[in-house]
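In what follows, a single structure is set out as structure tokens and then discussed.
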Amino acid sequence: MEIKWNKRAIKQLLDIVEYLEDNNLTDYASKIEFQILHKIESLPKKLEVFQIDRLKVNNDGSFYAFEISNYRISYRISKNEIRILRIRYSSRRPFTR
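First residue of the sequence shown: 1, per full-length UniProt numbering; consecutive thereafter.
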């Protein structure tokens, strides 16, 4: 199963890393980036190991999410792919864009 990223999710990950690096947290930025990417790469082997995304309105059961160090990663499983939809700091209000 192929992993694909939404452009917004890519930008969000890059923004997170850049923000941490700009605030002299370079080691932490590298650690978070590695942990997120490693977990995403393992998704095809563990498909539905994470919880259904409880914050997704009208979730048809194909939207999932997990957290790493207060960063929430949302993704969708379809027949042929896993699509990374969003990465955000989870202490933000859930419905803030």
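Beta carbons are placed, not taken as given, at the ideal position from N, Cα and C, and that holds for glycine.
For residue i, the first and last residue of its enclosing alpha helix (DSSP H)
| i | result |
| --- | --- |
| Ser-30 | 26-41 |
Spatial neighbours of residue i in its chain, beta-carbon cut-off 7 Å, leaving aside the 5 residues before and after
| i | result |
| --- | --- |
| Gly-61 | Ile-52 |
DSSP-derived helix/strand/coil call for residue i
| i | result |
| --- | --- |
| Lys-7 | helix |
| Tyr-75 | strand |
| Leu-20 | helix |
| Leu-85 | strand |
| Met-1 | coil |
Close beta carbons around residue i, own chain, < 6 Å, minus the five adjacent residues each side
| i | result |
| --- | --- |
| Ile-3 | Ile-82 |
| Lys-56 | Phe-63 |
| Phe-50 | Tyr-64 and Phe-66 |
| Val-17 | Ala-29 and Glu-33 |
Cβ-Cβ separation, residue j to residue i (assumed contact under 8 Å), whole Å
| i | j | result |
| --- | --- | --- |
| Ile-87 | Leu-20 | 13 Å between Cβ atoms; not a contact. |
| Tyr-71 | Ile-10 | That pair is no contact at about 14 Å. |
| Tyr-75 | Leu-43 | 7 Å |
Residue span of the beta strand (DSSP E) that contains residue i, given as start and end
| i | result |
| --- | --- |
| Phe-66 | 63-68 |
Residue i CB to nearest heavy atom of the ligand NAP below 7 Å
| i | result |
| --- | --- |
| His-38 | Ligands in the displayed structure: none, and consequently the ligand NAP is not present. |
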